[in-house]
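**Student:** Pasting a structure here, questions to come.
Number of protein chains: 2
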Amino acid sequence: MMSSKHSSEIIDALSIDCVIFGFRHGELDILLIKHGEGISKGRWALPGGWIQYNESVDAAAARLLKSLTGVSNIYLEQLRCFGDVNRYPTKRVITISYYALVNADHYDLHPGFTASDAKWFNLHEVPSMPYDHNDILEFGFKYLKHKVRHEPIGFNLLPKKFTLHQIQELYEAILEHELDKPNFRRKLLNMNLLVPCQEKQKDVSHRAANLYRFDKKIYHQLTEKGFAFEL
Amino acid sequence: MMSSKHSSEIIDALSIDCVIFGFRHGELDILLIKHGEGISKGRWALPGGWIQYNESVDAAAARLLKSLTGVSNIYLEQLRCFGDVNRYPTKRVITISYYALVNADHYDLHPGFTASDAKWFNLHEVPSMPYDHNDILEFGFKYLKHKVRHEPIGFNLLPKKFTLHQIQELYEAILEHELDKPNFRRKLLNMNLLVPCQEKQKDVSHRAANLYRFDKKIYHQLTEKGFAFEL
DNA sequence: TTTACAAATAGTCAATTTGACTATATTTTT
DNA sequence: AAAAATATAGTCAAATTGACTATTTGTAAA
Chain U
1 MMSSKHSSEI IDALSIDCVI FGFRHGELDI LLIKHGEGIS KGRWALPGGW
51 IQYNESVDAA AARLLKSLTG VSNIYLEQLR CFGDVNRYPT KRVITISYYA
101 LVNADHYDLH PGFTASDAKW FNLHEVPSMP YDHNDILEFG FKYLKHKVRH
151 EPIGFNLLPK KFTLHQIQEL YEAILEHELD KPNFRRKLLN MNLLVPCQEK
201 QKDVSHRAAN LYRFDKKIYH QLTEKGFAFE L
Chain R
232 MMSSKHSSEI IDALSIDCVI FGFRHGELDI LLIKHGEGIS KGRWALPGGW
282 IQYNESVDAA AARLLKSLTG VSNIYLEQLR CFGDVNRYPT KRVITISYYA
332 LVNADHYDLH PGFTASDAKW FNLHEVPSMP YDHNDILEFG FKYLKHKVRH
382 EPIGFNLLPK KFTLHQIQEL YEAILEHELD KPNFRRKLLN MNLLVPCQEK
432 QKDVSHRAAN LYRFDKKIYH QLTEKGFAFE L
């Protein structure tokens, strides 16, 4: 499309970094890759890379994430731009960070491209990363904490059918504190956001819980009428 | 600092655009500049321009806004990056948008640099702008609407000492609907966020209202204790 | 110098929502 | 058959909301 630049040429002052949160076993993880080449070879960092002239920034984020980790088809949301002069050691690089929240169990990791490895790290056991990646991660986590209280986020990272307790575990993991069970149930159910499946949990060694599903249509109907999700 | 680039050289694939909301006379305005040169000469657009190698992205936003409009010393917040492939006509340009909310009466406009003029436009009388500037503005307004319900925003755009009615007018202008006066007062005062000045409004042709001020310290104390501002 | 107006501030009250609980139900393992 | 584990239901006082009405305090017009 553009002027004299080749399509696959990269914009060298601009990069992408992805903050991918994964939830499983009641814990929050973060997806990191090990650099297989370049100035940070051998170090763990946020998956990221360079934007090409022929792709949108959003598309670059999705492409990079997929090629580095194998994770694709997830809803990547833009977080913010980090643009301090000295954030990158060898030249001026401004980065656009992206964020997503997924069910870690739904994805097989396939390290590729410039990544020699890809791995989920517990959020509280993240290594020191190059550049300002630890700052970006921290910003992403704060954003997540804020967001979870104001939007019905996180349903995409549970199984299609889930129990109320599973949502509560997720919320507790993100907010880092416990919530009263009966009150949490009541609040969530009163929003009329969840549809009860006529089905129960299986293979548990105690009373089986009802399964629910999150209905996007209902959510959009409600929000259009002025409904505001608040934890 | 950097490699082979001169300090004042610009990063040519990356620009800044500022969405500056102004409030006065109970109305929301937006600050635009008229391009005095370049491919959009003569058209009104968001104040913006190019980032230099020796300045942070945040600093570039502040510099550009000041040089184009004369408006300085305001709190500019990053909005988001707009990065579609064809958003700019002659080459690939990704833009970082910034946002602020100010009291329009507090600033004298001094068009400069590449701007031949600078003017406040009523938010509902914004002309068609080049590139995706109308989209950026719309995004900024949505952001503002969301933000005003979750953060005590906008106190910086009222005079230091203000009446409860002035805040209400501001909120109504942003939210585009009326609010019940006694209830609004009650809710706001019960947050213990406002400090009553022992002073009254002057030069009004009716009962003078008490003046209040917003105390950032109190706000930060409250938020640290888990207080959440909700309209 | 009343009287009308305009806006600030105060108060009411039923309905809803919260927060902190207790009680009961259902299923599985001992 | 009892114990254990967890789901689900229910209670209740306190706080908050939404929709109002009432009163106060000041200017401006008659």
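In order, the protein sequence lines correspond to chains U and R. Be aware that the first sequence starts at 1, since it is given in the numbering used here, and climbs by one per residue. Be aware that the second sequence starts at 232, since it is given in the numbering used here, and climbs by one per residue. In this text, a Cβ means the ideal position worked out from N, Cα and C, and glycines have one as well.
Could you tell me the distance, in whole angstroms, from the CA atom of R:Val464 to the CA atom of U:Glu176?
**Tutor:** Absent from the model: residue 464 of chain R. The displayed extent of chain R is 232 to 462, so no value can be given.
**Student:** Along the beta strand (DSSP E) that carries R:Asp248, what are the first and last residues, could you check?
**Tutor:** Position 17 of the second sequence, counting from 1, holds the residue named residue 248 of chain R. Here the beta strand (DSSP E) through R:Asp248 covers Ile241 to Arg255.
**Student:** Can the beta-carbon of R:Val288 be found less than 7 Å from the beta-carbon of R:Ile242?
**Tutor:** Here residue 288 of chain R is taken as the residue at index 57 of the second sequence, counted from 1. Here residue 242 of chain R is taken as the residue at index 11 of the second sequence, counted from 1. It is not a contact, given that the beta carbons lie outside the stated cut-off.
**Student:** Mind checking who R:Asp260 pairs with in its DSSP beta bridge?
**Tutor:** In the second sequence, counting from the first residue as 1, residue 260 of chain R sits at position 29. Answer is R:Gly253 and R:Asn353, bridged to R:Asp260.
**Student:** Hey, which unbroken runs of the alpha helix (DSSP H) at 4 residues or more fall wholly within the stretch 44–85 of chain U?
**Tutor:** As far as the stretch 44–85 of chain U is concerned, its whole alpha helix (DSSP H) runs of at least 4 residues are 57–69.
**Student:** Please report whether the beta-carbon of R:Gly314 lies at a distance below 7 Å from any beta-carbon of chain U.
**Tutor:** Sequence index remark: in the second sequence, residue 314 of chain R carries index 83 (1-based). Yes, its Cβ sits closer than 7 Å to a Cβ of chain U.
**Student:** Measuring CA to CA, which of R:Leu388, R:Ile251 and R:Glu240 is closest to R:Glu369?
**Tutor:** Taking the second sequence and counting its residues from 1, the one referred to as residue 369 of chain R is at position 138. Residue R:Ile251 is the option with its Cα nearest to R:Glu369.
**Student:** So is R:Tyr450 in contact with chain U if we call contact Cβ pairs under 7 Å?
**Tutor:** Position 219 of the second sequence holds residue 450 of chain R. By this cut-off, R:Tyr450 is not an interface position.
**Student:** Following the continuous beta strand (DSSP E) through R:Tyr329, name the residue where it begins and the one where it ends.
**Tutor:** Along the second sequence, one-based indexing puts residue 329 of chain R at 98. From DSSP, the beta strand (DSSP E) with R:Tyr329 extends over Ile325 to Asn334.
**Student:** For chain U, check one thing: does any of its Cβ atoms lie closer than 7 Å to the Cβ of R:Ser235?
**Tutor:** In the second sequence, residue 235 of chain R corresponds to position 4, counting from 1. The predicted model places R:Ser235 with a pLDDT of 48, which falls under 50 and marks its position as unreliable, so this point remains unresolved.
**Student:** Out of R:Leu453, R:Leu425 and R:His381, point me to the one whose CA is closest to R:Asn441's CA.
**Tutor:** Numbered from 1 along the second sequence, position 210 holds the residue referred to as residue 441 of chain R. Ranking the options by Cα distance to R:Asn441, first place goes to R:Leu425.
**Student:** Just checking: is the beta-carbon of R:Arg323 within a distance shorter than 7 Å of some beta-carbon in chain U?
**Tutor:** Counted from its first residue, the second sequence places residue 323 of chain R at position 92. Yes, contact with chain U.
**Student:** Using three-state DSSP, classify R:Val379 as helix, strand or coil.
**Tutor:** Here residue 379 of chain R refers to the residue found at position 148 when the second sequence is read from its first residue. Helix.
**Student:** To which residues of the same chain is U:Leu109 closer than 6 Å at the C-beta, ignoring the five residues directly before and after it?
**Tutor:** Mapped onto the first sequence, residue 109 of chain U falls at position 109. Here the set comprises Thr69, Gly70 and Ala118.
**Student:** Can you tell which of R:Pro413, R:Ile367, R:Ala346 and R:Asn421 has its C-alpha closest to the C-alpha of R:Glu268?
**Tutor:** Indexing the second sequence from 1 puts residue 268 of chain R at position 37. The candidate whose alpha carbon is nearest that of R:Glu268 is R:Ala346.
**Student:** Rounded to whole angstroms, what is the Cα-Cα separation between U:Leu31 and U:Ser67?
**Tutor:** Walking along the first sequence from the start, residue 31 of chain U turns up at place 31. Walking along the first sequence from the start, residue 67 of chain U turns up at place 67. In a straight line, the C-alpha of U:Leu31 is about 14 Å away from that of U:Ser67.
**Student:** When the cut-off is 7 Å and only beta carbons count, does R:Gln283 lie next to chain U?
**Tutor:** Along the second sequence, read from residue 1 onward, the residue named residue 283 of chain R stands at position 52. It does not; no Cβ of chain U falls within 7 Å.
**Student:** Counting only beta-carbon separations shorter than 7 Å, does U:Ala62 have a partner in chain R?
**Tutor:** Locating residue 62 of chain U in the first sequence gives position 62, where the first residue counts as 1. For U:Ala62, the answer is no, since every Cβ of chain R falls outside 7 Å of its Cβ.
**Student:** Rounded to whole angstroms, what is the Cα-Cα separation between U:Met1 and R:Lys322?
**Tutor:** Mapped onto the first sequence, residue 1 of chain U falls at position 1. Mapped onto the second sequence, residue 322 of chain R falls at position 91. For U:Met1, the predicted structure reports a pLDDT of 45, less than 50, and the residue's modelled location is therefore unreliable. A value from the coordinates is still provided. Answer to the nearest angstrom: the Cα atoms are 9 Å apart.
**Student:** Just the C-alpha distance for U:Gly48 and U:Ser8, rounded to the nearest angstrom, thanks.
**Tutor:** Here the question's residue 48 of chain U lines up with position 48 in the first sequence. Here the question's residue 8 of chain U lines up with position 8 in the first sequence. Using only the alpha carbons, I get a separation of about 16 Å.
**Student:** Do the stretch 361–381 of chain R and the stretch 411–429 of chain R meet, that is, are 3 or more Cβ pairs less than 8 Å apart?
**Tutor:** The stretch 361–381 of chain R is not in contact with the stretch 411–429 of chain R.
**Student:** Going along chain R in order, which residues have a C-beta closer than 9 Å to the C-beta of U:Ala13?
**Tutor:** Mapped onto the first sequence, residue 13 of chain U falls at position 13. Near U:Ala13 (Cβ distances below 9 Å), the residues of chain R are Ile242, Asp243, Ala244, Leu245, Ile282 and Tyr284.
**Student:** Between which two residues does the alpha helix (DSSP H) holding R:Pro413 run?
**Tutor:** The count along the second sequence starts at 1 and reaches residue 413 of chain R at position 182. Taken as a continuous stretch (DSSP letters only), the alpha helix (DSSP H) holding R:Pro413 covers Lys412 to Asn421.
**Student:** Out of R:Gly371, R:Ile449, R:Lys265 and R:Gly253, point me to the one whose CA is closest to R:Arg311's CA.
**Tutor:** Here residue 311 of chain R is taken as the residue at index 80 of the second sequence, counted from 1. Closest option to R:Arg311, Cα to Cα, is R:Gly371.
**Student:** At a Cβ threshold of 7 Å, is U:Val57 touching chain R?
**Tutor:** Here residue 57 of chain U is taken as the residue at index 57 of the first sequence, counted from 1. So, interface residue.
**Student:** Return the chain-ordered list of same chain residues with a C-beta closer than 8 Å to the C-beta of R:Lys412, the five sequence neighbours on each side being excluded.
**Tutor:** Against the second sequence, residue 412 of chain R aligns to sequence position 181. Here the set comprises His396 and Gln399.
**Student:** I want to verify the contact list: residues of chain R whose CB lies under 8 Å from the CB of U:His150, in sequence order.
**Tutor:** As a working note, residue 150 of chain U is residue 150 in the first sequence. Result: His381.
**Student:** Taking all protein chains shown into account, do 16 or more other C-beta atoms lie within 10 angstroms of the C-beta of U:Ile39, making it buried, or fewer, making it exposed?
**Tutor:** Taking the first sequence and counting its residues from 1, one reaches residue 39 of chain U at position 39. Per the 10 Å Cβ criterion, exposed.
**Student:** Out of R:Glu382, R:Met422, R:Asn421 and R:Ala331, which one is the CA nearest neighbour of R:Phe254?
**Tutor:** For this step, residue 254 of chain R is matched to residue 23 along the second sequence. For R:Phe254, the nearest C-alpha among the options comes from R:Ala331.
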